[in-house]
Amino acid sequence: MKKIEYKTSADIRSVFDSIALKYDFLNNLISFFMHKVIKKRAIKMLKITNNASVLDLCCGSGDLAAIIKRQCPNCNVTGVDFSNQMLAIAKKKHENIDFLYGDAMNLQFNENQFDYVVMGFGLRNIKNKITVLNEVYRVLRQDGYFMHIDFGAKNFASKIFDFITLVCAKLFSNKYNAYEYLIESKKSFLTPAELIKIYKKSGYKNVYRKDFLFGVISCQIVKK
Ligand SMILES: C[S@@+](CC[C@H](N)C(=O)[O-])C[C@H]1O[C@@H](n2cnc3c(N)ncnc32)[C@H](O)[C@@H]1O
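In the numbering used here, the protein residues as written are 1 to 224.
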């Protein structure tokens with residue numbers, strides 16, 4: 001079967017629109033619910049302070065935003081994504097959180113607006129990563145934190161994960177091409193060490209890195 005190429009933002013948006021309905025189900029299945037455990041641990045590491053304003057960028061169905069709201073009920077949490085189908089699911093699942101349409105490359109927020117910005121499995125899908133990191137820097141308050149979490153090491157454990165993903169996509173989704181894209185995007189994504197270099201070049205400081213599941217998932221926290 002010929003592979004479909006996903007090049008433009010519109011292509012990427014259509015991938016996520018197309019898999020939105022089964023996104024949570026497949027994530028849970030593929031990771032044996034581990035993604036939830038890791039997301040909770042990553043957010044805990046941020047030690048979000050009471051009443052903080054927090055942006056979940058590329059929020060998808062709103063997992064990270066919901067974990068933040070649970071860990072910090074007084075926080076003001078906003079989720080942003082450019083897939084309307086993903087946003088519709090996020091809004092239905094988490095009525096106590098604001099979810100807005102927006103593009104990570106051109107955020108609609110003022111400078112210094114957020115105490116924390118978190119981004120899970122999103123940056124990998126965006127071509128101009130430096131623009132996004134500059135946008136995050138712009139909307140963060142001085143001494144605010146950015147937490148990024150995504151696939152990390154391309155090791156044997158990661159290959160097992162790819163295999164499970166494709167088998168589950170074949171069995172439970174009629175969007176096999178979209179999952180092929182996700183695997184490809186994972187392979188071509190920057191390593192955590194490369195990302196850390198870019199954070200530093202973009203002005204971030206105090207880098208902290210924590211790897212999960214033999215490095216298959218990597219989380220980095222940096223400060224403005
Ligand atoms: C793999 S999902 C991750 C969802 C969620 N953060 C999670 O951890 O489950 C990636 C999300 O990034 C969004 N996305 C990709 N490029 C974007 C952009 N330029 N601006 C806003 N959202 C974007 C997609 O629509 C999709 O919902």
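C-beta atoms are modelled at their ideal positions from N, C-alpha and C, and glycine is treated no differently.
Phe146 and Tyr204: beta carbons closer than 9 Å? Position 146 of the sequence shown, counted from the start, is the residue given in the question as residue 146. Position 204 of the sequence shown, counted from the start, is the residue given in the question as residue 204. A contact, by the Cβ cut-off of 9 Å.
Can you tell me the Cα-Cα spacing of Ala104 and Glu135, whole angstroms? In the sequence shown, counting from the first residue as 1, residue 104 sits at position 104. In the sequence shown, counting from the first residue as 1, residue 135 sits at position 135. When rounded, the distance between both Cα atoms is 7 Å.
Answer yes or no: do Phe161 and Cys58 have a C-beta to C-beta separation smaller than 9 Å? Working through the sequence shown from its first residue, we reach residue 161 at position 161. Working through the sequence shown from its first residue, we reach residue 58 at position 58. Taking 9 Å as the Cβ cut-off, Phe161 and Cys58 do not qualify as a contacting pair.
For Val132, is the beta carbon positioned less than 8 Å from some heavy atom of ligand 1? On the sequence shown, residue 132 is found 132 positions in, with the first residue counted as 1. Val132 Cβ: within cutoff of ligand 1.
Starting from Val139, trace the alpha helix (DSSP H) in both directions and tell me its first and last residue. As a first step, residue 139 is located in the sequence shown; it is residue number 139 there, counting from the start. Segment 129-139, the alpha helix (DSSP H) holding Val139.
Hey, would you say the C-beta of Asn50 is under 8 Å away from at least one heavy atom of ligand 1? Here residue 50 refers to the residue found at position 50 of the sequence shown. Checking the Cβ of Asn50 against ligand 1 gives no.
Beta bridge counterpart(s) of Val54 as assigned by DSSP: One-based indexing of the sequence shown puts residue 54 at position 54. DSSP, once it has assigned bridges, lists Val77, Tyr116 as partnering Val54.
Spatial neighbours of Gly215 in its chain, beta-carbon cut-off 6 Å, leaving aside the 5 residues before and after: The residue you call residue 215 lines up with position 215 of the sequence shown. Excluding positions up to five away in sequence, the list reads Gly152, Ala153.
Within the chosen definition, does the segment 191-201 reach the segment 7-20 through at least 3 CB pairs nearer than 8 Å? no
Per DSSP, what kind of secondary structure is Asn155 in: helix, strand or coil? What you label residue 155 is simply residue 155 of the sequence shown in a count that begins at 1. It is coil, neither helix nor strand.
Any contact between the segment 100-119 and the segment 73-86? By contact I mean 3 or more CB pairs, one from each, below 8 Å. yes
Measuring CA to CA, which of Arg124, Phe25, Gln220 is closest to Ser188? Along the sequence shown, read from residue 1 onward, the residue named residue 188 stands at position 188. Measuring from the Cα of Ser188, the nearest candidate turns out to be Arg124.
Counted within 10 angstroms of its Cβ, other Cβ atoms place Met45 as buried (16 or more) or exposed: Position 45 of the sequence shown, counting from 1, holds the residue named residue 45. When all chains shown are included, Met45 counts as exposed.
DSSP-derived helix/strand/coil call for Phe32: Residue 32 sits at position 32 when you count from the first residue of the sequence shown. It is coil, neither helix nor strand.
Using DSSP's beta-bridge definition, name the partner residues of Ser218. Working through the sequence shown from its first residue, we reach residue 218 at position 218. Per DSSP, Asp150, Asp211.
Does the Cβ of Lys39 lie closer than 8 Å to at least one heavy atom of ligand 1? Here the question's residue 39 lines up with position 39 in the sequence shown. Lys39: yes, Cβ under 8 Å from ligand 1.
What do you reckon, is the C-beta of Ile12 under 8 Å from a heavy atom of ligand 1? Within the sequence shown, numbered from 1, the residue matching residue 12 stands at position 12. Checking every heavy atom of ligand 1 against the Cβ of Ile12, one is found closer than 8 Å.
Taking a contact to mean a Cβ-Cβ separation below 9 Å, would you say Cys75 touches Asn50 in this structure? Along the sequence shown, one-based indexing puts residue 75 at 75. Along the sequence shown, one-based indexing puts residue 50 at 50. Yes, these two residues count as a Cβ contact at 9 Å.
Rounded to a whole number of angstroms, what is the C-alpha to C-alpha distance between Ala42 and Ile149? Here the question's residue 42 lines up with position 42 in the sequence shown. Here the question's residue 149 lines up with position 149 in the sequence shown. When rounded, the distance between both Cα atoms is 8 Å.
Check for me: the alpha helix (DSSP H) holding Asp63 runs from which residue to which? Position 63 of the sequence shown holds residue 63. Element bounds for Asp63: 63-71.
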